[in-house]
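Contents: one structure, followed by commentary.
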Amino acid sequence: MKPAPFEYHDPRSIDEAVALLARHGADAKVLAGGQSLIPLLAFRLARPAVIVDINRIPGLDYVRNEHEGLAIGALARQRQLERWALDGSPFLCTALRHVGHAAIRTRGTIAGSIAHADPAAELPALLLCLDGSVMARSSSGQREIPARELFVSHLTTAVRADELITEVRLPGLPDGAGWGFLEVARRHGDFALVGVAAVVALRNGRIAQARVALFGCGAAPVRATPAEQALAGQAPTRGTFAAAAREAAGTLTPDADLHASAEYRRSVAHTLMVRALAAASERARGPG
Amino acid sequence: MTHRTVRLHVNGREYERTVEVRKTLADLLREDLDLTGTHLGCEHGVCGACTVLLDGAPARACLMLAVQADGARLLTVEGLADGERLHPLQEAFWTHHGLQCGYCTPGILLTAKAFLDEHPRPTRAEIREMLAGNPSVAAPAISSSSMRS
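Shown next as structure tokens:
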């Protein structure tokens with residue numbers, strides 16, 4: 001399999017990259033880790049006239065503590081963040097271990113996975129669950145796009161064709177909060193049939209805050225906002241979680257495909273949501 | 289800009305080739321360097337047969353453009369053995385019949401090498417997770433042989 005011919009550019013600076021995007025617009029595709037784009041090129045599902053390979057731009061492969069969370073450069077690899085997260089960030093580590101396999105994570109970038117916006121991918125859901133954002137640069141300036149406005153539909157984000165995601169901002173967990181991350185896939189490392197990322201913070205034995213992001217359940221990852229609101233102030237019991245999950249699963253419109261029916265996905269979403277909330281609440285209670 | 293000249297180290301040797309920019313690294317290895325031990329199964333990153341070590345880390349050679357490997361150090365299955373002496377992993381696969389048709393074996397060997405470099409005393413669960421990235425009809429045989437040894 002061969003990609004269709006394209007014009008190849010490997011700019012050495014962000015300015016040079018966004019100038020190329022300004023010139024070529026929707027005819028250009030940004031190549032970072034390539035773990036999603038190269039298959040699309042090989043199958044000729046994508047036939048961009050121009051490839052803007054950002055891998056030679058120096059200084060974009062950082063992961064640092066900033067903005068009460070993490071600032072992740074556009075070229076930080078998934079494996080890099082996974083290693084970083086081994087020390088004290090089990091939520092990130094668990095989510096990352098579900099992204100493909102080690103050989104995919106060697107090359108695949110955090111920003112690239114988010115920009116690709118596969119509705120069954122883990123990192124967009126993680127960003128959504130943590131209320132993160134991306135910084136998008138174009139030749140006319142820079143803007144921050146919150147996760148809630150970012151994921152529009154299947155492989156579609158609010159990032160314009162002339163913009164480049166230069167940084168992903170991933171806030172930390174709220175103080176004292178616990179997390180849960182679960183997915184069902186046919187094989188470890190595959191895209192999820194359904195997955196759930198959840199965060200729960202407790203106060204005086206009640207739920208102070210709950211956040212749930214569901215993925216693999218529709219055209220884009222979604223926050224279960226009404227269920228989150230219903231959970232606030234409740235006691236963290238199985239019954240409470242089950243009621244919230246019923247509410248959330250009922251509003252989902254998952255696709256049916258070769259791997260699972262819509263009804264099955266809805267049912268798995270319900271089950272995983274209960275378990276992820278229970279795990280998050282258990283961790284929030286903590287060892288002491 | 290349809291062609292570029294790339295220089296790369298493969299198995300300790302330096303190569304320079306002018307290639308089409310749309311050519312994948314796997315095709316460069318096979319077609320331009322005659323290193324046909326890197327196999328192509330699915331050509332979209334799922335099967336793992338084309339896994340090589342890129343600056344020491346496992347990567348799918350089908351998911352990179354050859355131009356992107358300019359300046360990189362690569363290890364392919366041809367570079368595992370030391371002359372006539374097989375790498376211990378190759379030796380172990382041979383001893384324990386850890387393959388059936390052998391098509392995906394080059395990728396499994398390199399994945400396993402990188403994995404063992406990082407986890408010298410892996411658990412069964414870690415071995416299973418590592419192998420999940422290289423599906424093979426022979427995977428049960430490999431997994432049981434690695435657990436015996």
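Protein chains in written order, with this note's numbering: chain G, 1 to 288; chain L, 289 to 437. Don't be surprised by glycine CBs; every beta carbon is placed ideally from N, CA and C.
Give the residues of chain G in contact with residue i, contact being defined as C-beta atoms less than 8 Å apart.
i: arginine 318/L; result: Going along chain G, no residue has its Cβ under 8 Å from arginine 318/L, so there is no contact; the nearest lies around 13 Å.
i: valine 294/L; result: Result: empty, since nearest Cβ-Cβ is about 12 Å, beyond 8 Å.
i: leucine 363/L; result: Those do not exist, as leucine 363/L stays about 13 Å from chain G at its closest Cβ, beyond 8 Å.
Could you name the residues that DSSP lists as bridge partners for residue i?
i: methionine 135/G; result: Glu144/G, Glu167/G
i: asparagine 65/G; result: Leu70/G
i: leucine 341/L; result: Pro346/L, Leu363/L
i: phenylalanine 181/G; result: Ala197/G
i: threonine 293/L; result: Thr306/L
i: arginine 77/G; result: Thr109/G
i: glutamate 7/G; result: Val50/G
i: alanine 28/G; result: Val50/G
i: serine 424/L; result: Partner(s): none; serine 424/L has no beta bridge.
i: serine 36/G; result: According to DSSP, serine 36/G bridges with nothing at all.
i: aspartate 315/L; result: DSSP output for aspartate 315/L lists no bridge partner at all.
For residue i, return the contacting residues in chain L, with the cut-off set at a CB-CB distance below 7 Å.
i: aspartate 118/G; result: Within chain L, no residue comes near aspartate 118/G; the closest Cβ sits about 13 Å away, beyond 7 Å.
i: phenylalanine 32/G; result: Correcting the residue type first, residue 32/G is alanine in the shown sequence and not phenylalanine. Here the premise fails: no neighbours, minimum Cβ distance about 11 Å.
i: aspartate 53/G; result: Gln356
i: alanine 103/G; result: Gly336, Thr339, Pro346, Ala347, Arg348, Thr399, Gly421
i: alanine 42/G; result: Glu331, His332
Give the residues of chain L in contact with residue i, contact being defined as C-beta atoms less than 8 Å apart.
i: isoleucine 57/G; result: Ordered by position in chain L, no residue passes the 8 Å Cβ test against isoleucine 57/G, which lies about 13 Å from the chain.
i: threonine 106/G; result: Leu342, Ala345, Pro346, Ala347
Can you list the residues of chain L that residue i reaches, using a CB-CB cut of under 9 Å?
i: alanine 224/G; result: Correct list: empty, because the minimum Cβ distance to chain L is about 29 Å.
i: proline 174/G; result: Correct list: empty, because the minimum Cβ distance to chain L is about 30 Å.
Going along chain G, which residues have a C-beta under 7 Å from residue i?
i: glutamate 372/L; result: Neighbours of glutamate 372/L on chain G: none; closest Cβ ~29 Å, over 7 Å.
i: glutamine 417/L; result: Reading off the sequence shown, one finds glutamate at residue 417/L, where the question assumed glutamine. Chain G residues near glutamate 417/L: His188.
i: arginine 310/L; result: Lys2, Pro3, Pro5, Phe6
How would you list, in chain order, the residues of chain G whose beta-carbon sits under 9 Å from the beta-carbon of residue i?
i: threonine 290/L; result: Pro5, Phe6, Glu7, Tyr8
i: arginine 409/L; result: Within 9 Å Cβ-Cβ: nothing; arginine 409/L doesn't reach chain G, min ~17 Å.
i: glycine 377/L; result: The sequence given here places leucine at residue 377/L; glycine does not occur at that position. Within 9 Å Cβ-Cβ: nothing; leucine 377/L doesn't reach chain G, min ~16 Å.
| Using a beta-carbon distance cut-off of less than 8 Å, what residues from the stretch 181-205 of chain G approach chain L? | Arg187, His188, Gly189
| request: Note down, one range per segment and in chain order, each beta strand (DSSP E) of at least 3 residues found wholly within the stretch 192-280 of chain G. | output: 194-203, 206-215
| request: Please name the residues in the stretch 326-348 of chain L whose beta-carbon is closer than 8 Å to at least one beta-carbon of chain G, in chain order. | output: Glu331, His332, Gly333, Gly336, Thr339, Leu342, Ala345, Pro346, Ala347, Arg348
| field | Where the stretch 12-37 of chain G meets chain L: residues whose CB sits under 7 Å from a CB there | value | Gly34, Gln35
| query | Okay, do the stretch 47-63 of chain G and the stretch 359-375 of chain L touch, 3+ Cβ pairs below 8 Å being the bar? | reply | no
| If we count Cβ pairs, one from each stretch, closer than 8 Å, do we get three or more for the stretch 270-286 of chain G versus the stretch 198-210 of chain G? | yes
| field | Meets three-Cβ-pair contact criterion under 8 Å: the stretch 175-188 of chain G and the stretch 131-141 of chain G | value | no
| task | Could you say if the stretch 48-57 of chain G and the stretch 114-130 of chain G meet the contact criterion of at least three C-beta pairs nearer than 8 Å? | result | no
| query | Within the chosen definition, does the stretch 330-350 of chain L reach the stretch 380-390 of chain L through at least 3 CB pairs nearer than 8 Å? | reply | no
| Counting Cβ pairs, one atom from each stretch, are 3 or more of them under 8 Å apart for the stretch 211-228 of chain G and the stretch 289-299 of chain L? | no
| Looking at C-beta atoms only, is the number of pairs between the stretch 330-340 of chain L and the stretch 389-400 of chain L that lie closer than 8 Å three or more? | yes
| Does the count of Cβ pairs from the stretch 160-171 of chain G and the stretch 94-114 of chain G closer than 8 Å reach three? | yes
| Segments assigned alpha helix (DSSP H), at least 4 residues, entirely inside the stretch 351-411 of chain L | 376-383, 393-406
| request: Taking 8 Å as the threshold, find out whether the stretch 66-80 of chain G comes into contact with the stretch 96-105 of chain G through three or more Cβ pairs. | output: yes
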